[in-house]
Structure formats: structure tokens, C-alpha cells
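>
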Amino acid sequence: MSDMVARSETIWAYQFRVVLLGDSTVGKSALLRRFTDGCFLEVSDPTVGVDFYSRLIEISPGTRIKLQLWDTAGQERFRQSFLHVVTWAEEARLHVAPRHVSFALVGQKCDLEEHRQVPTEEASNFARLHKMPFIEASAKNGKNVEKSFVMLTELIYRLIQSGDIIMDEQWDGIKCGLVPKP
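Oh and the sequence shown: position 6 is 6 in UniProt numbering, straight run, nothing missing.
1) Assess contact between the segment 10 to 22 and the segment 150 to 164, defined as three or more Cβ pairs (one per stretch) separated by less than 8 Å. Is contact present?
2) For the segment 120 to 128 and the segment 141 to 155, state whether three or more C-beta atom pairs, one from each stretch, are separated by less than 8 Å.
3) Under a Cβ-count criterion, where at least 16 other Cβ atoms within 10 Å of its own Cβ denotes burial, should glutamine 161 be classed as buried or exposed?
4) Taking DSSP as the reference, what is the three-state secondary structure of residue 190?
5) Where does lysine 147 sit, in a helix, a strand or coil, going by DSSP?
6) Quick one: what does DSSP say alanine 137 is sitting in, helix, strand or coil?
7) Of the residues Ala89, His130, Lys28, which one's Cα is nearest the Cα of phenylalanine 149?
8) Between Thr72, Arg34, Ser44, which has its C-alpha nearest glycine 22's C-alpha?
9) Can you tell me where the beta strand (DSSP E) holding leucine 56 begins and where it ends?
10) When DSSP builds the beta bridges, which residues end up paired with leucine 67?
11) Helix, strand or coil for lysine 175 per DSSP?
12) Buried or exposed for asparagine 141, please, with buried defined as at least 16 other CB atoms from any protein chain shown within 10 angstroms of its CB.
13) With 16 as the cutoff for other CB atoms within 10 Å, does arginine 77 come out buried or exposed?
14) Got a sec, what are the start and stop residues for the alpha helix (DSSP H) leucine 105 sits in?
15) What first and last residue would you give for the alpha helix (DSSP H) that runs through leucine 32?
16) Can you list, in chain order, the residues of its chain with a C-beta nearer than 7 Å to that of leucine 56? Leave out the 5 residues immediately preceding and following it.
17) Which same chain residues, not among the five before or five after glutamate 136, have their C-beta less than 7 Å away from its C-beta?
18) Tell me whether arginine 77 sits in a helix, a strand or coil according to DSSP, three-state version.
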């Protein structure tokens, strides 16, 4: 690749803010650590307030998206968390209205099948009803961690490309790409 091409190439096409919502101890922090650092901690301190991470991913050749990842503190546990998904989604929509919010439902800790609180079919039906993609993942063994973030990123990117999400310079939830100066 020539110097001229390298200097004019976009570092990232867009930056998306991704906020992980859910009740405490459902594995939000573990999912983010696995995705950003590639590691899993058996024991970690609970999130207080919000922790921030970032990662650059390539969703197609030459199309890189920077994810600004927010890890939020939760409140409840296990099955109750699934029942609170609608509440979390409504609250998120209120905070960004009138802008578009995209959701993905990630059933975490799928490696603990013997402790399952929500059947896969129930979660899948819920996600379909609320028009959001669904995937089960495990931060512990890494199953579907990368795929869950790529799935949401590709969804948001498609919505931008189709015009369903309109770029708004007054809002930093989605930003246009960063191009280095020649």
C-alpha cells in the first residue's frame, strides 16, 4: 500500500456508542473484558457507575467501526434480569429520544446450562417480539462473544446505510469516521 493511500484511508468509518444494560451479576463486565482484552476473571469487583472500554472492529474489508463501550452497574439478579429487559430498553429510548436506538439481546453464561434460568426458546421469542437479534454467549469460554458485538455493529451499520438511522452532529452516540490528515 502506498503512503498516499495509507494517509487518506479512514481509520474508522463510524464510532458507535454501545451501552451494556442489565441487572447486576449477569456478566456484562465479563463480556466486555473478554471482548476487549480477551481474558476472563473468575472474580471481579462489581461495576460502580459506568466503566468505559473501546475496540476497533472490521465488519467488512476496509470498513472499520470503533466501538465506545459503556459498562453500567446493574441492580437485580438472574431471571429477574430477563424480566427487566423491557424496562432497560424503555429507559434507554427515553435518554436518546428522538434518536434511534438499536438493541441486541445477549443471553450470557450459556456455559452454565445446569443453572439456566431462561430457556433459549423463550429468550428467542422475546427478542423476535421486540425486533432485536438474540444470541447466547459465554465470557468464560469465549463462545459467541465476538459474534454478539459484531452482530449489533453490523445491524447499526445496515440501518445507517439504509437511511433508518440519520447522522446527527448534535449527538455523539454515532459519529462519522476519522480520517488522518495527509
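Just so you know, even glycine gets a beta-carbon here, dropped at the ideal spot from N, CA and C.
According to the structure shown:
1) yes
2) no
3) Within the sequence shown, numbered from 1, the residue matching residue 161 stands at position 161. Under this definition glutamine 161 is an exposed residue.
4) Lying outside 1 to 182, the shown extent of the chain, residue 190 is not represented and no answer is given.
5) By one-based count along the sequence shown, residue 147 stands at place 147. Three-state result, lysine 147: helix.
6) The count along the sequence shown starts at 1 and reaches residue 137 at position 137. Here alanine 137 sits in coil by DSSP.
7) Numbered from 1 along the sequence shown, position 149 holds the residue referred to as residue 149. The candidate whose alpha carbon is nearest that of phenylalanine 149 is Lys28.
8) Along the sequence shown, read from residue 1 onward, the residue named residue 22 stands at position 22. If we check each option's Cα against that of glycine 22, Thr72 comes out closest.
9) Numbered from 1 along the sequence shown, position 56 holds the residue referred to as residue 56. Per DSSP, leucine 56 belongs to the beta strand (DSSP E) from 50 to 60.
10) Against the sequence shown, residue 67 aligns to sequence position 67. For leucine 67, which the question treats as bridged, DSSP gives the partners Phe16, Arg55.
11) Here residue 175 refers to the residue found at position 175 when the sequence shown is read from its first residue. DSSP places lysine 175 in strand when its eight states are reduced to three.
12) As a first step, residue 141 is located in the sequence shown; it is residue number 141 there, counting from the start. It counts as exposed.
13) As a first step, residue 77 is located in the sequence shown; it is residue number 77 there, counting from the start. Reliability of the predicted coordinates at arginine 77 is poor, the pLDDT of 45 falling under 50, and no value is obtained from them.
14) As a first step, residue 105 must be located in the sequence shown, where it is residue number 105. Note, leucine 105: premise wrong, no alpha helix (DSSP H); beta strand (DSSP E) at 105 to 107.
15) In the sequence shown, counting from the first residue as 1, residue 32 sits at position 32. Per DSSP, leucine 32 belongs to the alpha helix (DSSP H) from 28 to 37.
16) As a first step, residue 56 must be located in the sequence shown, where it is residue number 56. Around leucine 56: Trp12, Arg64, Lys66.
17) Position 136 of the sequence shown, counting from 1, holds the residue named residue 136. For glutamate 136, where only same-chain residues beyond five positions count, the Cβ hits under 7 Å are Gly107, Cys110, Thr120, Asn144.
18) On the sequence shown, position 77 is the one that residue 77 refers to. Bear in mind that a pLDDT of 45 at arginine 77, under 50, signals an unreliable position, so the number given afterwards is only what the model happens to contain. Correct three-state label for arginine 77: coil.
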